[in-house]
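If you're matching them up, the sequences are chains A and B in order. To convert, note that position 123 of the first sequence is 506 in my numbering; the numbers rise steadily by one, no gaps. To convert, note that position 95 of the second sequence is 478 in my numbering; the numbers rise steadily by one, no gaps. What follows is a single structure, written as structure tokens, with notes after it.
2 protein chains.
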Amino acid sequence: MRLDRNKESARQPLPSAVERFRKVLQRKSLRWTREREAIMKVVLAREGHFEVPDLVAALRKEGVDASRATVYRALPLLIEAGLIHPTVLSGERHRYEATFGHRHHDHLICSQCDKVVEFRFEAFEILQREVAAKHGFDLTDHFHELIGICSNCKGKKSADA
Amino acid sequence: MRLDRNKESARQPLPSAVERFRKVLQRKSLRWTREREAIMKVVLAREGHFEVPDLVAALRKEGVDASRATVYRALPLLIEAGLIHPTVLSGERHRYEATFGHRHHDHLICSQCDKVVEFRFEAFEILQREVAAKHGFDLTDHFHELIGICSNCKGKKSADA
DNA sequence: GTAGCTGCAAAGAATTTGCAGTTCT
DNA sequence: AGAACTGCAAATTCTTTGCAGCTAC
Numbered sequence: 384m385r386l387d388r389n390k391e392s393a394r395q396p397l398p399s400a401v402e403r404f405r406k407v408l409q410r411k412s413l414r415w416t417r418e419r420e421a422i423m424k425v426v427l428a429r430e431g432h433f434e435v436p437d438l439v440a441a442l443r444k445e446g447v448d449a450s451r452a453t454v455y456r457a458l459p460l461l462i463e464a465g466l467i468h469p470t471v472l473s474g475e476r477h478r479y480e481a482t483f484g485h486r487h488h489d490h491l492i493c494s495q496c497d498k499v500v501e502f503r504f505e506a507f508e509i510l511q512r513e514v515a516a517k518h519g520f521d522l523t524d525h526f527h528e529l530i531g532i533c534s535n536c537k538g539k540k541s542a543d544a
Numbered sequence: 384m385r386l387d388r389n390k391e392s393a394r395q396p397l398p399s400a401v402e403r404f405r406k407v408l409q410r411k412s413l414r415w416t417r418e419r420e421a422i423m424k425v426v427l428a429r430e431g432h433f434e435v436p437d438l439v440a441a442l443r444k445e446g447v448d449a450s451r452a453t454v455y456r457a458l459p460l461l462i463e464a465g466l467i468h469p470t471v472l473s474g475e476r477h478r479y480e481a482t483f484g485h486r487h488h489d490h491l492i493c494s495q496c497d498k499v500v501e502f503r504f505e506a507f508e509i510l511q512r513e514v515a516a517k518h519g520f521d522l523t524d525h526f527h528e529l530i531g532i533c534s535n536c537k538g539k540k541s542a543d544a
């Protein structure tokens, strides 16, 4: 999760997301285009995690003009603007999650049924900064994912092999 | 990092790694072959993180018989045996790290120079189990990676764009 | 003897890139 | 006008698979 304590972004509607995105573009002398705007909106509207091929399909379904290539090219910018964040998730393809307008959280995942629980534990946030500081780092981001077996799956026999 | 508190595996030489691997194979009615053995040894001998294509190249260089396909097929077994573990590390391809004979640790990474610091902080281990338990999960594994700017890079101007 | 293995080469997928035409600023 | 964009299709990679012949048990 991109750490972001100096901006009261959570819970704000679209305008400030637009602002953030524009700011990044401006700083890099890049342009605000209809495609980038469309991608941004669809991304922010998505619930939970998403993978790029799915996102591309979703765009197409909404009749949004934005080719796969353009989507791939936009992602790093959205990340830089703090609107989305890569997530780990044992999966194969890259996964992202909209972070703008969402309270920061990490994930607890059942390895058997893939159930995902979002959690937030302030102690982690504090200790992480401490650990980083102890090694002379300024913490800017982190990935934290817990893997386990949920109560529901505990009973079931593991049909291993 | 695969959690493993019931086995005093760390610091032990090869034999017990072999034993573990054989045990997994046995349980799944799979076979102990010269290729799997060779892959296991080369993997355990590697320092730090590795990606599959590099591992395959390393094997070839040592004249080890083991095709790419066989390597890919062996990895899940090595993971199951607790000899290696996938790591996050923002990279593109899958990355692994030998865990057998190494004390568990997580990573602190400089996003500018890619410097990697291994850290271990007992509090995290404990709190993670607590969080999992609070949601009814049995924790079996976790990914935890801190991203920041190291002291060395702090001075440098960020030649962004 | 048989189920499982292996290498190979082909297949699959996700992501990236070169290019020619378009569009912000 | 000029730099930056976009879609397309081709190119790259990593990873997986089908198959025919080998090998551990």
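Glycine residues also receive a C-beta, built at the ideal position from the N, C-alpha and C atoms.
Residue i Cβ short of 6 Å to the ligand SAH heavy atom set
i, result
"A/E505", "Looking at this structure, you won't find the ligand SAH or any other ligand, since it has none at all."
Between the CA atoms of residue j and residue i - distance to the nearest angstrom
i, j, result
"A/A481", "A/E513", "27 Å"
"B/I492", "A/S450", "33 Å"
"A/R405", "A/L413", "9 Å"
"A/G465", "B/R456", "38 Å"
"B/T470", "A/R503", "22 Å"
"A/E418", "A/Q409", "16 Å"
"B/H485", "A/G446", "52 Å"
"A/V407", "B/V454", "42 Å"
"B/I422", "B/P459", "12 Å"
"B/V439", "B/E420", "14 Å"
"B/E402", "B/K411", "14 Å"
"B/F483", "B/D524", "15 Å"
"A/C536", "B/A441", "40 Å"
"A/S534", "A/V500", "12 Å"
"A/G431", "A/K424", "14 Å"
"B/V435", "A/S399", "42 Å"
"B/G519", "A/K498", "12 Å"
"A/G538", "B/K517", "18 Å"
"A/H487", "B/D521", "23 Å"
"B/S494", "A/S494", "29 Å"
Classification of residue i by the beta-carbon crowding that lies within 10 angstroms, buried from 16 upward
i, result
"B/I509", "exposed"
"A/D489", "buried"
"A/T416", "exposed"
"A/C496", "exposed"
"B/L511", "At residue 511 of chain B the sequence reads Gln, which differs from the Leu that was named. Counting Cβ neighbours within 10 Å, B/Q511 comes out buried, since at least 16 surround it."
"A/E528", "buried"
"A/D448", "exposed"
"A/A393", "Low local confidence applies: a pLDDT of 44 at A/A393 is under 50, so the model's placement there is unreliable, and no value is given."
"B/R476", "exposed"
"B/G531", "buried"
"B/R443", "exposed"
"A/A515", "buried"
"A/A506", "exposed"
"A/D437", "exposed"
"B/A452", "exposed"
"A/A428", "exposed"
Which of helix, strand or coil DSSP assigns to residue i
i, result
"B/E508", "helix"
"A/T453", "helix"
"A/L408", "helix"
"A/D521", "strand"
"B/G531", "strand"
"A/E418", "helix"
"A/E434", "strand"
"B/A400", "helix"
"B/E445", "coil"
"B/A393", "Because the pLDDT of B/A393 is 44, which lies under 50, any placement of that residue in the model is unreliable, and the number read from its coordinates should be weighed accordingly. If DSSP states are grouped into helix, strand and coil, B/A393 belongs with coil."
Expected contact under 8 Å - CB spacing of residue i and residue j to nearest Å
i, j, result
"A/I467", "A/V426", "6 Å"
"A/R478", "A/F526", "About 11 Å; that fails the 8 Å criterion."
Length at least 3, wholly inside the region 461-502 of chain A: the beta strand (DSSP E) runs in chain order: 467-470, 478-481, 489-493 and 499-502
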